[in-house]
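Visitor: So the protein sequences, as listed, match chains W and L. Following the working numbering from start to finish, the first sequence increments by one per residue and tops out at 190. Following the working numbering from start to finish, the second sequence increments by one per residue and tops out at 190. We treat Cβ as the ideally placed atom computed from N, Cα and C, and that holds for glycine. As the structure is a computational prediction, the values presented were derived from the model and not from experiment.
There are 2 protein chains.
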Amino acid sequence: MNETAQQILDVAQNLVRNRGYSSFSFADISEQVGIRKASIHYHFSSKEELTRELVKRYRMAFQQTLKQIERSNSDPQAQLRQFLSLYRQGLSQSQMCLCGILSAEMAVLPASVQEGVRAFFAETQTWLQTLIETGASTGCLQPRLPPKDEASLLLASVQGAQLIARASEASESAFDRIADQLLASICPTP
Amino acid sequence: MNETAQQILDVAQNLVRNRGYSSFSFADISEQVGIRKASIHYHFSSKEELTRELVKRYRMAFQQTLKQIERSNSDPQAQLRQFLSLYRQGLSQSQMCLCGILSAEMAVLPASVQEGVRAFFAETQTWLQTLIETGASTGCLQPRLPPKDEASLLLASVQGAQLIARASEASESAFDRIADQLLASICPTP
DNA sequence: GTCTATACGAGGATAGAC
DNA sequence: GTCTATCCTCGTATAGAC
Numbered sequence: 001m002n003e004t005a006q007q008i009l010d011v012a013q014n015l016v017r018n019r020g021y022s023s024f025s026f027a028d029i030s031e032q033v034g035i036r037k038a039s040i041h042y043h044f045s046s047k048e049e050l051t052r053e054l055v056k057r058y059r060m061a062f063q064q065t066l067k068q069i070e071r072s073n074s075d076p077q078a079q080l081r082q083f084l085s086l087y088r089q090g091l092s093q094s095q096m097c098l099c100g101i102l103s104a105e106m107a108v109l110p111a112s113v114q115e116g117v118r119a120f121f122a123e124t125q126t127w128l129q130t131l132i133e134t135g136a137s138t139g140c141l142q143p144r145l146p147p148k149d150e151a152s153l154l155l156a157s158v159q160g161a162q163l164i165a166r167a168s169e170a171s172e173s174a175f176d177r178i179a180d181q182l183l184a185s186i187c188p189t190p
Numbered sequence: 001m002n003e004t005a006q007q008i009l010d011v012a013q014n015l016v017r018n019r020g021y022s023s024f025s026f027a028d029i030s031e032q033v034g035i036r037k038a039s040i041h042y043h044f045s046s047k048e049e050l051t052r053e054l055v056k057r058y059r060m061a062f063q064q065t066l067k068q069i070e071r072s073n074s075d076p077q078a079q080l081r082q083f084l085s086l087y088r089q090g091l092s093q094s095q096m097c098l099c100g101i102l103s104a105e106m107a108v109l110p111a112s113v114q115e116g117v118r119a120f121f122a123e124t125q126t127w128l129q130t131l132i133e134t135g136a137s138t139g140c141l142q143p144r145l146p147p148k149d150e151a152s153l154l155l156a157s158v159q160g161a162q163l164i165a166r167a168s169e170a171s172e173s174a175f176d177r178i179a180d181q182l183l184a185s186i187c188p189t190p
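(1) With a threshold of 8 angstroms on Cβ separation, who are the neighbours of L155 of chain L within its own chain once the five nearest residues in sequence on each side are excluded?
(2) Apart from the five residues just before and just after G90 of chain W, which ones in its own chain have a Cβ nearer than 8 angstroms to its Cβ?
(3) So what does DSSP say about F26 of chain W, is it helix, strand or coil?
(4) Straight-line CA distance for V158 of chain L to A78 of chain W?
(5) Measuring straight from C-alpha to C-alpha, what distance separates T67 of chain L and E150 of chain L?
(6) Taking the CB atoms as reference points, tell me whether S152 of chain L and R177 of chain W lie closer together than 8 angstroms.
(7) Counting only Cβ pairs nearer than 7 angstroms, list the residues of chain L close to S152 of chain W.
(8) Excluding the five sequence neighbours on either side, which residues of its own chain have a C-beta within less than 7 angstroms of the C-beta of G135 of chain W, listed in chain order?
(9) Could you check how far apart the C-beta atoms of K37 of chain W and S30 of chain W are, in whole angstroms? I think they sit under 8 angstroms.
(10) Using a cut-off of 8 angstroms between C-beta atoms, extract the partners of I29 of chain W located in chain L.
(11) When the Cα atoms are used, what is the spatial distance from V112 of chain L to A61 of chain W?
(12) Just reading off the alpha helix (DSSP H) that Q125 of chain W is part of, what are its end residues?
(13) Provide the residue span of the alpha helix (DSSP H) that contains V108 of chain W, from first to last.
(14) Take S85 of chain W and list the residues in its own chain whose beta-carbon comes closer than 6 angstroms to its own, dropping the five residues that flank it on each side.
(15) To the nearest whole angstrom, what separates the beta carbons of Q13 of chain W and L54 of chain W, a pair I think is in contact under 8 angstroms?
(16) When the cut-off is 8 angstroms and only beta carbons count, does N18 of chain W lie next to chain L?
(17) Select from the stretch 98 to 111 of chain W all residues with a C-beta closer than 9 angstroms to any C-beta belonging to chain L, and list them in chain order.
(18) Work out the CA separation of R59 of chain L and A27 of chain W for me, nearest whole Å.
(19) For a contact defined as C-beta to C-beta under 9 angstroms, what are the partners of S22 of chain L on chain W?
(20) Which residues in the same chain as F175 of chain W place their Cβ atom closer than 8 angstroms to its Cβ, once the five residues preceding and following it in sequence are excluded?
(21) Could you name the residues of chain L that I164 of chain W contacts, counting a contact when the two beta carbons are closer than 7 angstroms?
(22) Can we count Q13 of chain L as close to the ligand GDP, meaning its CB is less than 7 angstroms from some heavy atom?
(23) Among L:L145, L:V117, L:P147 and L:L182, whose alpha-carbon lies nearest the alpha-carbon of A21 of chain L?
(24) Identify, in the order they occur along the chain, each residue of the same chain with its Cβ nearer than 8 angstroms to the Cβ of R52 of chain L, setting aside the five sequence neighbours on each side.
(25) Can you pull out the residues from the stretch 80 to 93 of chain L whose beta carbon lies closer than 8 angstroms to at least one beta carbon of chain W?
(26) Measure the C-alpha to C-alpha separation of A107 of chain W and N73 of chain L and round it to an integer number of angstroms.
(27) State the DSSP-derived secondary structure class of I35 of chain L, mapped to helix, strand or coil.
(28) One question on the structure: do Y23 of chain L and A167 of chain W come within less than 8 angstroms of each other, judged by their Cβ atoms?
(29) Go through its chain and collect everything with a Cβ distance to I132 of chain W's Cβ below 7 angstroms, but skip five positions before and after it.
(30) Is there at least one Cβ from chain W nearer than 8 angstroms to Q6 of chain L's Cβ?
(31) Tell me which residues share the same chain as T138 of chain W and place their Cβ nearer than 8 angstroms to its Cβ, disregarding the 5 neighbours each side in the sequence.
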């Protein structure tokens, strides 16, 4: 995949994370990349293919980021904090998680894109579950529920926090408050 | 507001709750209502007005439902259960909360619709907060956080649960598991 | 690889007859 | 109130020149 293709995906990603799948167009991309919209079809044959590749790249990058979080920090509690900060970062540009916003449009997504979205949630939940299990065994975290359930609740909550934060005037602080509580709910009470 | 207008809103509501704002069209409505799409403009001058009225009606109906929950049940814990079941019901037709799905498209909504969405969340959070306060004072509920924070976390979580449930093969049971944990997290442990 | 030109359909909206 | 007819814009996609 060449440079232009990457650039197209970069721009598309920002667009989708802001507006969603149905509301981004080749014209939008063309404007920001500086090529004509017909030229996009040289790199991606269709909107479906473009979005499929976008989700694929996003999933891989996200997994990489999670691995970095593991490496850079041995404390599960700090890892969790970093995980939450990823979502907070997106929000600072009023962007949702790519797969979170796509999930809202599930009914109109091409099947191949739906698949990628599903896979993203499964992967992320698995990572969270492992993190919680580790944290529980070392005492860094004190999950009140089985790690699997705790993970799915956490994932739902962070996605929901991002979702409704966009409907708030002060979206970042709205998210922060919720994120703090999520963290508190799973940390040992001194 | 006459019968046809109501019917248009009924159909529009199902469409939006499934596909979102950008992906529903006058053609879709016209097909299901059985009138031509130009005729819709007699009842609603524009898509913006239609959606604005839709959100307005949804908000009022939702508030009514919440009042009914209060009346039909004096136990805050049971009220909370009923609140969660509202979201579960939508999901059974793979529908999200109208304002939840609109929130994902916030960036492309007309300003007047954005306003309605914001108001919906504020109202709903207030109701939850009052419920939690009542429950805490009678001992029916045992919030771990200040009621206001507990309410916003709960709202975010239930919206998020609905959002990501759509990306799950078994969306209803995925939601149920999360809803049970939400309930457990706020109920007194015997 | 990128361009121009163009096809084709969909979407929202308006005018005017009935 | 609903219809037909029509307008205009935007969206994806293709063909073929450079």
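Guide: Let's see:
(1) F121, T124, Q125 and L128
(2) R17, M96, C97 and Q162
(3) helix
(4) For V158 of chain L and A78 of chain W, the distance between alpha carbons rounds to 25 angstroms.
(5) Rather than Thr, the amino acid found at residue 67 of chain L in this sequence is Lys. Rounded to whole angstroms, K67 of chain L to E150 of chain L spans 20 angstroms at the Cα level.
(6) Yes.
(7) R177 and I178
(8) P76, Q77 and L141
(9) 4 angstroms
(10) By Cβ distance, chain L contributes nothing, its closest Cβ being about 16 angstroms from I29 of chain W, past 8 angstroms.
(11) Here the sequence assigns Ser to residue 112 of chain L, which means Val is not the residue at that position. About 37 angstroms.
(12) A111 to T138
(13) Taken as a continuous stretch (DSSP letters only), V108 of chain W belongs to no alpha helix (DSSP H), as it is neither H nor E.
(14) none
(15) 6 angstroms
(16) yes
(17) Contacts with chain L (Cβ-Cβ distance below 9 angstroms) from the stretch 98 to 111 of chain W involve C99, G100, I101, L102, S103, A104, E105, M106, A107 and V108, listed in chain order.
(18) Annotation: A27 of chain W to R59 of chain L spans about 35 angstroms, alpha carbon to alpha carbon.
(19) R19, G20, Y21, S22, S23, E105 and V108
(20) Y87, R88, L91, A161, Q162 and A165
(21) S103, F121, L155, A156 and Q159
(22) Ligands displayed in this structure: none; no statement on the ligand GDP is therefore possible.
(23) Position check: residue 21 of chain L holds Tyr in this sequence, whereas Ala was assumed. The shortest C-alpha separation from Y21 of chain L is found at L:V117.
(24) Answer for R52 of chain L: P110, S112, V113 and G116, listed in chain order.
(25) In summary, no residue of the stretch 80 to 93 of chain L has a CB separated from any CB of chain W by less than 8 angstroms.
(26) 35 angstroms
(27) coil
(28) Going by the sequence as given, residue 23 of chain L is Ser instead of Tyr. No. Outside cutoff.
(29) L141, P143, P147, E150 and A151
(30) It does not: the Cβ of Q6 of chain L has no partner Cβ on chain W nearer than 8 angstroms.
(31) The answer, listed in chain order, is P76.
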